[in-house]
Every structure is written in C-alpha cells, then in structure tokens.
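For reference, the structure is listed below as structure tokens.
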Amino acid sequence: MTPAPAPRVALFVTCLVDLIRPRVGFAALRALEAAGCTVVVPAGQTCCGQPALNSGARAEAIAIAKRTIALLEGHDAVVVPSGSCAATIRVHYPELFEHDPAWRGRAEAVATNTYEIMAYLDEVRGWRPDTALDATATYHDSCSGLRELGIKAQPRRLLRGVAGLSLTPLDGAETCCGFGGTFCVKYPAISNAIAGEKAAAIDASGAELLLAGDLGCLMNMAGKLHREGSPVRAYHAIEVIAGMGDGPAIGEDA
Amino acid sequence: MSAAFSRRVDAALADPILKLAIDRTAGTAEAKRALAVDGFAHFEQARTRAAAIKDHVVAHLGHYLEHFEASATAAGAQVHYARTADEACAIVIGICKAAGARTVARSKSMLGEEIGLPHALAEAGIGRIETDLAEHIIQLADERPSHIVWPAMHKTREQVSALFKQHHTAPHTEETIPAMAESARRHLRQGMLGADVGISGANFLIADSGAVCTVTNEGNAELSLVPPRVHIVTAGIEKLVPSMGHAAQLLRLLARSATGATLTQYTTFYTGPKRAADPDGPEAMHIVLIDNGRVKMRDEGLAEMLRCIRCGACMNHCVVFRQIGGHAYGGTYPGPMGAVLTPALDGLAASRDLPNACTLNGKCQEVCPVKIPLPTLLRGWREKSWREGLEPATMRQGIGAWAWVAQRPRLYRAAVRAAIFAMRRFGRGWIRALPLARGWTAHRDLPAPDAESFMSRYARGER
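Chains A and B are the protein sequences, given in the same order.
Take 26 as the starting number for the first sequence in the working numbering and just add one per residue.
Take 103 as the starting number for the second sequence in the working numbering and just add one per residue.
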C-alpha cells in the first residue's frame, strides 16, 4: 500500500498576521507540514475583505473576494489561522455572489475547501501535535469561528496534545471580547467596556497564558490585559500547538 | 457616531447603577434560560418549527388576516385596520371617545409604545393607568421602557422604593419587596376597577378562532381587560398564527427564552366580548390590526424579522446591550432586534449607529427562539447605509482606499512596509498611544508589528 499523497494546501495567513505577528504564519506552516501537508503560500494574498464586508461596502468586498478566490482556487485545501477570516471565505463569499452564477460556483468551490487551521488539523488531517510547553492556559472561543464554523472542541483536542500544558476554564469563554473588527475603533467606549469585563474574567481564571484562534480578538484582549497591568501573556493557539509557545508573547518585543 | 448616540452611550457607560441593574436582571435571565433550554428536549427542532410557522404566516398575511377577521367578527369583536401609527392611535382614541372614556387601563404592550399610544391618549385628554408593575414604575418616573420584557430593568429596587413613596397615596413603610408590591397593588387596583376602557396588545392572534392571546406574570391584563366596558386590542399584523396549536408551540419557546420559566403565570385567550351567559367581560371588543411598515419590511428583505415573538433573549445575551442598556438605543425596541427594527420604523438616517454598534458575534441569533438571522439583517442595514452615503466620509474614504490597495499586492506590500515603519516609531513591543488609532490606544495597548511582515520574510525564503 502506498501512503496517501500529501495534500497541497494553500496557506492564507491573513492581513493581521502578515502585518503584526508573522510568527503565527510560521507556526501555521510548521503545524501543517508536521501534519503531512505540502504548503504553498500564494504570493498575491492581501486581506480577505472582511473590513469592507462588515462595513457594508459590498462592491469593495466583492472586488477583493474575486481576486482572493482566483488566488486560492485549485488547491486541495485553503487553510486560514483565523476563524473570522475563514468564515468570511467559507460562509460569506458565496453570499456575495448570490446573483452572479459564474462567480457563485467558483466562490462555493473555494468556500467548501476552506478551513480554519485547527479545524483542518483536527478534523481533516486527524493530526495530533508532538510538542511541549510547561504552562497553564485558558482558551477564549472567538465568535465567528465558534458560531459560523462550529470551532469549539478542535483547538482543545489539539492543545491537549501539548505535553505539560494544562487548560483551565474561562468563565464566559463564549462571550464576545468586544473586538468586532472596525467596531472597536468606531465605538471605542462600548468596546472598551466589553473588553474590560473579558480581561477581568481572564485574570480570574488564574491562567498564565491566554490562547485563542483569532489575532484580532487576541490583540484586543491582550492589549486590555496589558493596559490593566495583568501578567497574563497571550498567544495564538497555533503557536503553542506548533511548539512556538516559548517565544515572545503578543506585545513582547521579539 | 452621531452626537446623540454618543451622548446616550457615554451617559449609560458612566452610570454604575444602570450597569448593576442590567446585570441583575439580564444575568438572571441568561442563567435561567440556559437551564430551561437544557431541560427542553428537541429545543432545536422546536425553534425550526416555530420559525416555519411564522414564515408561513408572514408569506400568507392576506389569507390569515381575512381568516382572523372572519373568526373574530363571528365571536362578536370588531376588527379595524391601521396602515400607520397615527391611523392606529386615531382609531383607538375614536373608540375611547365614542365610549365616553375618561380613563383607560393599559396592559403592557410594546406595540402601544411603537405607535405612541401613551402620548396620543394624553393629547386626547384621556387618563391612562399602566397596570403592569414595571410599566407603572415607568409611568411614575415619566420615562420610556428600556427593555421589551422588563420595561423598568434600568431601575434598582431602591430607586423604585423612592418613586412609590413619592407617588403612592399609602406607600409601603417597610423596605421589603412584598411591602413594595403591596403598595403598588393598593394603588393599581382602584385604577383598574374604575377604568372605562382596557387596552392591551397581543402576543398571538389566533386566526381560526379569532382569539387574542396575552401573557403576563402579574394577572394585570386579566384585571384590566375584563371589568371595563370596552376592551381594545392593538396588535401588529405579524402576530397572527393559524391555530391554537401553533400558538402553543410558540408559547413553549416564548417564556423559556424570555425568563427561563416554562410558562408565564397567566396565559389568557380573549375571544370576543361578553356573551349572554358570561358572568362578566366587556360589552365591546375592538381589535386594531396595525401594519406600520411591516408589509414593507417583508417585501424589502426583512421578512425574517417579522418572526420575532418579543422574548428579549437577543438583548439579554448581547454584549453591547449589557453595557449600554435599552435607552441608549433611542428607539422603541432596544438590543439586536431593536437595531434591526428601529431603522425600519424611524428611518436609517436617524439610526445608522444601531446596526453598526454591534460586534456581529452572532450570540443573538444563537439564542433567538425563531432563528432570526439578526447579524445578517444588521449587515443588510450597513450595506444600505453605505449605498445611501450615510456612513461618515472618513470611513468611506478609508475603507475605499484600503480596498483599492488590497487589490494591488505590490502596492499593498509597500503599504505594509510603511505601516510597520510608522507604527514601530511609536513603540516596540507595546504601543501606548498611536495617532489615527486613538479609539484603540485610549483604552488598550496595541502590540507593535514585528520588524518585517510575514509575506516579506517568506519571500526571502524563511520557513
């Protein structure tokens, strides 16, 4: 019997990872390769268009979606280290082409092939990490991944494979952190009030590390925790899963 | 953000008593709903069925309106139709005047608030007694409801006690909730029994029997609708259901979603006025069926919103509502459902903040007993606002320029390099203050970008 050929996976790193925290992209690469994938990083990638989509700028969102679809089609899978960006491609791209049959088909083909990274590693690849980190961590379920993609058990299953890591529950883990993309700068006072409650819950968990699957939410929570003087350090969960949880946390100078 | 919305939000966020009051009530409701849902086998199927019932009625409104009118008329009620809020108020005032009414007893109805009935009654010189305990508190305080199930949820018991002492003729002397309830009971009973007309809303209109269903926990509807000579119902046309069986399916979801109770204390079906053999009841029953934009909503992409059974679960679970409370929304209906309804009722130009002041976290849709896709409907309003040029120029230009660059990878890489360079001038590690991002750094620190972007490092061969 010959082993199944390695799937050719396109990694869409997302604009925030590209700009703010490249480590998340390298962690994704490392985990995907460990899970037996051949990873390609399409060179023309920018942003999935979520800020336009959520601002009501439909024409702009459609234009960005078209070029992103063209860039991502033809791979065995598209993998994204963000629940909300993966949901934009998987759930919202097809909606954008409701009245455009030609693009609708292409959008759906890419959509059904697009996965949030932890869901892909866990459910599609059935992979478990072989890494270690001696720490206690708590996990926040980012809303888009949780409610649009059903991501809840997958990251926890993968994190249980990290030797030495102990997961401690977070009160209100499924409650929004107040990021909301452009919401956090359009309505900063409301966003801050929500983030304040989230930061207090994270602190109360007693964990050393905060983990989640979306960099936007992580920046919001980590930024609030740091402003409040909390010692909790934050990582994208894939960094810990890929064995990069001993490096600088979010906001720590590399 | 409009100045008015900003002012209301700031006032709400600065009020620790408001936050305490919201968390007490909504927090309890959230916990009790979770228990009720856990104990409800096939909750998911019940939601799907409930949504299908409402969708069916909304798609066949004409048929069910005619069916209901025939049934209600056969039961002895008179049915009126109102296209607008003003028409509805005029019909109600006309009936009150024809009945020689000096005072009306009103059983809590959000539709009454929507059409401005309290104001219309006052203008017509007709006295109004709000018989729901929370509405009574609101009437004493001369305020508007801040929640569709608990109109006075923004008030603490301490504030209510002060109001009762100021307004009741024989107020409570002991600072206990039973003593306060007794004070309200003494005050309200006289009014209820002396009213000429009772006015209620409707939770359901049953097409095949002509019955009108109300749910309360205090029995105030029954006491304020049966003794007066005339009972007037004001109801939105989306309250129709085909039969009692359909109403029962929705009732199972309504109380559980609202308060976590299996059923409300009182669930009453009013079918026509007093019949010859009845020991009591009103001499006349009028049912005013009100459109007020509902058909337009159905035809213009908001049909799913007409499923709403007004349980309040969406707002109880909304992170924004939990911070700013109901009054900050500025419309009749607050929370996620209000953020969808208010632009339809009051115009988008005056309320464009509401669909925008939402993180699109989807919790509201998750808890909605009739599966209204609230985030999708809110996005729909954002698109309309963008199309109609209502979004602020800075946002339009910012998103426009960013979207243009995002379609040009080489330019985009250059922009990323420039952004990294600029941001790192304000800090390495954490940035404590960043011009153009003050909305962020006023409240939070911002992680500074690494020295080089992912795409740039990857292109250089780093793995």
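All residues carry an ideal CB built from backbone N, CA and C; glycine is no exception.
- Excluding residues up to 5 positions away in sequence, R48, V49, A52, G270, G272 lie with their Cβ nearer than 8 Å to the Cβ of E264 of chain A in the same chain.
- Across the structure, G108 of chain A and K465 of chain B are spaced so that their CA atoms are roughly 15 Å apart.
- With three or more CB-CB distances shorter than 8 Å, the region 292-312 of chain B counts as touching the region 326-345 of chain B.
- Bridge pairing for V104 of chain A: A:L36, A:Y140 [DSSP].
- In the structure shown, G296 of chain B adopts helical secondary structure according to DSSP, grouped into three states.
- The beta-carbon of P67 of chain A is placed no less than 7 Å from the nearest beta-carbon of chain B.
- Three or more beta-carbon pairs separated by less than 8 Å are not found between the region 110-129 of chain B and the region 182-199 of chain A, which leaves the two stretches without contact.
- Rounded to the nearest whole angstrom, the C-alpha separation of C420 of chain B and V187 of chain A is 34 Å.
- The region 200-209 of chain B makes contact with the region 224-237 of chain B, as at least three CB pairs between them are under 8 Å.
- Three or more Cβ pairs closer than 8 Å define a contact, and the region 64-77 of chain A meets that threshold against the region 29-38 of chain A.
- Close to M103 of chain B, with beta-carbon spacing below 8 Å, are these residues of chain A in chain order: K211, Y212.
- Straight-line spacing of the CA atoms in P247 of chain B and C410 of chain B works out to 18 Å.
- According to the DSSP secondary-structure assignment, Y372 of chain B is paired through a beta bridge with B:V314.
- Annotation: the continuous alpha helix (DSSP H) that includes M212 of chain B extends over 212-216.
- Counting along the chain, no beta strand (DSSP E) covers L240 of chain A; the unbroken alpha helix (DSSP H) around it starts and ends at 240-252.
- No Cβ-Cβ contact shorter than 7 Å links A309 of chain B with Y431 of chain B.
- In this structure, E233 of chain A sits away from A134 of chain A, with a CB-CB distance that is not shorter than 7 Å.
- DSSP lists A:L234 as the beta-bridge partner residues of R258 of chain A.
- Taking the Cβ atoms as the reference, G206 of chain A lies roughly 7 Å from G241 of chain A, within the contact range of under 8 Å.
- For F170 of chain B, the enclosing alpha helix (DSSP H) stretches over residues 163-176.
- In the DSSP assignment, the residues bridged to I392 of chain B are B:A184, B:G338.
- Non-local beta-carbon contacts of H165 of chain A in its own chain, meaning distances under 7 Å to residues more than five positions away in sequence, involve L195, A198, C202, L235, A237, C242, M246 in chain order.
- Legend: CB atoms of the region 85-113 of chain A lying less than 7 Å from CB atoms of chain B belong to residues E85, A88, I89, R92.
- Using beta-carbon distances, F556 of chain B counts as an interface residue toward chain A, with a partner under 7 Å.
- Counting of Cβ neighbours within 10 angstroms places K223 of chain A among the buried residues, the total reaching 16 or more.
- Spatial neighbours of G300 of chain B in its own chain (CB-CB distance under 6 Å, excluding positions within 5 residues in sequence) are listed in chain order as A207, S326, L327, P330, H333.
- For M387 of chain B, the three-state secondary structure derived from DSSP is strand.
- By the Cβ-count criterion, L513 of chain B is exposed, with fewer than 16 other Cβ atoms from all chains shown falling within 10 Å of its own Cβ.
- In this structure, DSSP gives I94 of chain A a helical state, which the three-state scheme calls helix.
- A direct Cα-to-Cα measurement between P220 of chain B and G214 of chain B gives close to 7 Å.
- P154 of chain A places its beta carbon less than 7 Å from that of I266 of chain A.
- Against chain B, a Cβ distance below 9 Å from L54 of chain A picks out Y560, R565.
- Residue pairing from DSSP places H333 of chain B in a beta bridge opposite B:G300, B:M387.
- The beta-carbon separation of A236 of chain B and A254 of chain B, rounded to 4 Å, stays under the 8 Å limit for a contact.
- With respect to chain B, the C-beta atom of F122 of chain A has no partner C-beta closer than 7 Å.
- For I219 of chain A, the neighbours in chain B by C-beta distance under 9 Å run, in chain order, V421, V422, R424, Q425, T461.
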